[in-house]
Structure formats: structure tokens, C-alpha cells
Amino acid sequence: MKPYTCTEYRQEMILLGLQRRLNDPNLDPEEKKALEAQIRKIEKEMDMG
Numbered sequence: 457m458k459p460y461t462c463t464e465y466r467q468e469m470i471l472l473g474l475q476r477r478l479n480d481p482n483l484d485p486e487e488k489k490a491l492e493a494q495i496r497k498i499e500k501e502m503d504m505g
């Protein structure tokens, strides 16, 4: 089993924060697109998507 690193933890926390911001009902459509792109990028880096 591969050890869990600080970098992986950090990426998970960033991802959770972005997902929380994405759920904001007052979010601008352009900002929503940017957040979705960031989320996809991080998920790809983490081999999640």
C-alpha cells in the first residue's frame, strides 16, 4: 500500500473547498465554469477522473 502524503491531503482539501464553492447559489456562471475546470484538473492529477 502506498503511503498517504501531505501533498495528497492538500489536494483533497483544495478539491473539497472548490466543490463547496461550486454549490454556492449566488455563483456567477463564468466562475462556475472556472471552478469546474479546476476540479477536473485536480481530479485528473489525483487519478480520480
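Quick note, the sequence shown lines up with residues 457 to 505 if you use this note's numbering.
Heads up, the beta-carbon is just placed ideally off N, CA and C, and yes, glycines get one too.
Residue i classed as buried or exposed, judged by whether at least 16 other C-beta atoms fall within 10 angstroms
i: L491; result: buried
Backbone secondary structure at residue i - three-state DSSP
i: P485; result: helix
i: Y465; result: helix
i: K458; result: coil
Option nearest residue i by Cα separation, candidates the options
i: Q475; options: E501, E486, A493; result: A493
i: K500; options: Q467, K458, C462; result: Q467
i: I498; options: K458, M469, P459, C462; result: M469
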